[in-house]
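Engineer:
Residue numbers (this note's numbering): 368 to 787.
1) According to DSSP, is residue 626 helix, strand or coil?
2) Name, in chain order, the residues that DSSP records as bridge partners for residue 567.
3) Could you give the DSSP three-state label for residue 663: helix, strand or coil?
4) Between residue 773 and the rest of its own chain, which residues show a CB-CB distance below 8 Å, the 5 nearest in sequence each way excluded?
5) Kindly indicate which residue of 461, 522, 506 and 539 has the alpha-carbon position closest to the one of residue 497.
6) Taking all protein chains shown into account, decide if residue 669 is buried (16 or more other Cβ within 10 angstroms of its Cβ) or exposed.
7) Going by beta-carbon coordinates alone, are residue 777 and residue 470 separated by less than 8 Å?
8) Are the segment 430-446 and the segment 587-602 touching by the rule of at least three beta carbon pairs closer than 8 Å?
9) Could you give the uninterrupted runs of the beta strand (DSSP E) lying entirely in the segment 579-633, keeping only those of 3 residues or more?
10) For residue 370, which option in 513, 586, 399 and 537 has the closest C-alpha, if you only look at C-alpha atoms?
11) Please state the DSSP three-state secondary structure of residue 757.
12) Decide yes or no for the touch test of the segment 638-653 against the segment 708-717: beta carbon pairs closer than 8 Å, at least 3 of them.
13) Just to confirm, are residue 467 and residue 411 a CB contact at a threshold of 8 Å?
14) Going by the CB atoms, is the gap between residue 720 and residue 698 shorter than 8 Å?
15) Is the segment 573-585 touching the segment 607-614 in the sense that three or more CB pairs, one from each, lie closer than 8 Å?
16) What does a CB cutoff of less than 7 Å around residue 603 pick up in its chain, not counting 5 residues either side in sequence?
17) CB residue 559 to CB residue 529, shorter than 8 Å?
18) Nearest to residue 740 by alpha carbon, out of 478, 750, 755 and 684?
19) Between which two residues does the alpha helix (DSSP H) containing residue 459 stretch?
20) Please classify residue 456 as buried or exposed, where buried requires at least 16 other C-beta atoms within 10 Å of its C-beta.
21) Measuring CB atoms only, is the segment 521-535 touching the segment 484-495, in the sense that at least three cross pairs come out at less than 8 Å?
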């Protein structure tokens with residue numbers, strides 16, 4: 368089976384190579400991206416008994432940061448390296464500056480073999496839902512144990528994998544242990560035929576990945592923003608409708624709203640919507656200190672600032688939940704700061720976090736986008752409800768920390784035979 372996989376991926380590579388080369392010749396940014404993905408692993412120092420952590424994008428990199436900090440403390444004599452897949456994840460990882468970082472190349476035999484030869488890993492740790500069959504089978508052949516941490520298995524993914532269950536089991540045969548973030552994720556994985564002995568429920572490390580310091584009581588008292596964070600396509604029309612009505616119909620509506628698309632490259636698209644509605648706004652990158660007095664909306668067109676806005680907010684809506692295509696975004700960041708969180712019905716990628724916040728009262732899950740305005744209005748007209756829900760949101764975060772230690776214990780078990 369693995370030979371067929373390598374044959375197919377090799378043929379695909381040969382077929383697309385001419386198109387890649389032409390695009391690289393005429394597009395400097397694409398050329399830089401391809402060279403980074405295909406070859407920057409060669410700049411890594413040659414290592415032995417490396418602890419290799421792989422995290423695909425920004426959210427997983429934040430989880431990896433906490434894990435790596437734990438690894439550096441518990442295994443100080445091992446070299447730790449971090450790989451990422453997306454360019455934004457790579458930039459975030461480099462910024463954290465915890466260990467050597469590289470872009471994981473495509474799952475082609477000669478590339479992954481080169482990485483393994485360079486790192487000689489004692490263990491490979493995958494974050495959340497990263498399955499690369501070629502890499503996993505090479506790890507198995509080299510007797511490199513593999514651990515999936517913070518594992519998730521959404522209903523959509525489980526339904527899809529169930530149709531090809533034997534192929535899925537082959538694909539993940541190289542994963543020695545699955546440390547899943549909730550009982551629900553564990554049950555879905557077991558339903559695909561993965562043996563119970565390989566599966567544990569360890570909790571969600573995204574709670575541990577949040578900063579230790581939340582907004583201060585004074586910051587909460589001064590909070591005056593409503594933040595719409597990590598918005599995805601389709602989120603902005605109901606958001607802008609809600610903002611317009613809040614400004615027109617609610618006497619104590621906030622003076623300013625913050626709108627932060629999940630991907631800053633969508634800001635031109637969002638800006639066109641703002642112009643079409645005649646709303647006063649400024650891009651964050653163009654601010655000189657404070658926004659103008661008549662600026663109703665700050666459009667965040669740079670990454671790395673959303674957490675600061677959450678600290679200053681009295682209320683937050685987190686996007687990505689109005690469409691099953693996206694499955695929600697991280698709702699824990701505002702909750703940490705004692706901010707009530709509103710989000711949509713489709714939270715498949717953050718189902719456990721959504722359940723915990725809704726059950727505690729720190730979060731409100733809408734059933735449709737039509738509920739956005741009335742829910743926001745109701746909250747803004749009841750400041751005492753905002754204060755209570757914010758406190759409950761913060762308590763939910765603090766009560767669910769601790770998954771890191773559970774994952775490190777499993778990691779120690781896998782690593783023990785190589786360190787004896």
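Every residue, glycine too, gets a C-beta built ideally from N, C-alpha and C. It should be emphasised that the depicted structure is a prediction, and the values quoted were computed from it without experimental measurement.
Structural biologist: So, to answer that:
1) Taking the chain shown and counting its residues from 1, one reaches residue 626 at position 259. In the structure shown, residue 626 falls within a strand segment according to DSSP collapsed to helix, strand and coil.
2) By one-based count along the chain shown, residue 567 stands at place 200. DSSP lists 546 as the beta-bridge partner residues of residue 567.
3) Locating residue 663 in the chain shown gives position 296, where the first residue counts as 1. In the displayed model, residue 663 falls within coil according to three-state DSSP, outside both helix and strand.
4) Indexing the chain shown from 1 puts residue 773 at position 406. Within the same chain, Cβ atoms closer than 8 Å to the Cβ of residue 773 are found at 546, 567, 569 and 570, the five residues on either side in sequence being excluded.
5) On the chain shown, position 130 is the one that residue 497 refers to. That would be 539, whose Cα lies nearest to the Cα of residue 497.
6) Locating residue 669 in the chain shown gives position 302, counting from the first residue. By the 10 Å Cβ count, residue 669 comes out exposed.
7) The count along the chain shown starts at 1 and reaches residue 777 at position 410. The count along the chain shown starts at 1 and reaches residue 470 at position 103. Not a contact, by the Cβ cut-off of 8 Å.
8) Too few Cβ pairs lie closer than 8 Å, so no.
9) Scanning the segment 579-633 from its first residue to its last, the whole beta strand (DSSP E) runs of 3-plus residues come out as 592-598 and 623-628.
10) Within the chain shown, residue 370 is the residue found at index 3, counting from 1. Comparing Cα positions, the closest option is 537.
11) Indexing the chain shown from 1 puts residue 757 at position 390. Correct three-state label for residue 757: helix.
12) Fewer than three beta-carbon pairs drawn from the segment 638-653 and the segment 708-717 are found closer than 8 Å, and the two stretches are therefore not classed as touching.
13) In the chain shown, residue 467 corresponds to position 100, counting from 1. In the chain shown, residue 411 corresponds to position 44, counting from 1. Taking the C-beta atoms as reference points, residue 411 is found nearer than 8 Å to residue 467.
14) Along the chain shown, read from residue 1 onward, the residue named residue 698 stands at position 331. Along the chain shown, read from residue 1 onward, the residue named residue 720 stands at position 353. Contact annotation: residue 698 and residue 720 have beta-carbon atoms nearer than 8 Å.
15) In this structure the segment 607-614 does not touch the segment 573-585; the number of beta carbon pairs closer than 8 Å is below three.
16) As a working mapping, residue 603 is identified with position 236 in the chain shown. Around residue 603: 637 and 640.
17) If you number the chain shown from 1, residue 559 lands on position 192. If you number the chain shown from 1, residue 529 lands on position 162. Yes.
18) Your numbering for residue 740 matches position 373 in the chain shown. Taking each of 478, 750, 755 and 684 in turn and checking the Cα distance to residue 740, the smallest one comes out for 684.
19) In the chain shown, the residue the question calls residue 459 occupies position 92. Run containing residue 459: 454-463, per the alpha helix (DSSP H) assignment.
20) The sequence position of residue 456 within the chain shown is 89, counting from 1. The residue is buried, with at least 16 neighbouring Cβ atoms inside 10 Å.
21) The segment 521-535 and the segment 484-495 do not touch, with fewer than 3 CB-CB distances between them shorter than 8 Å.
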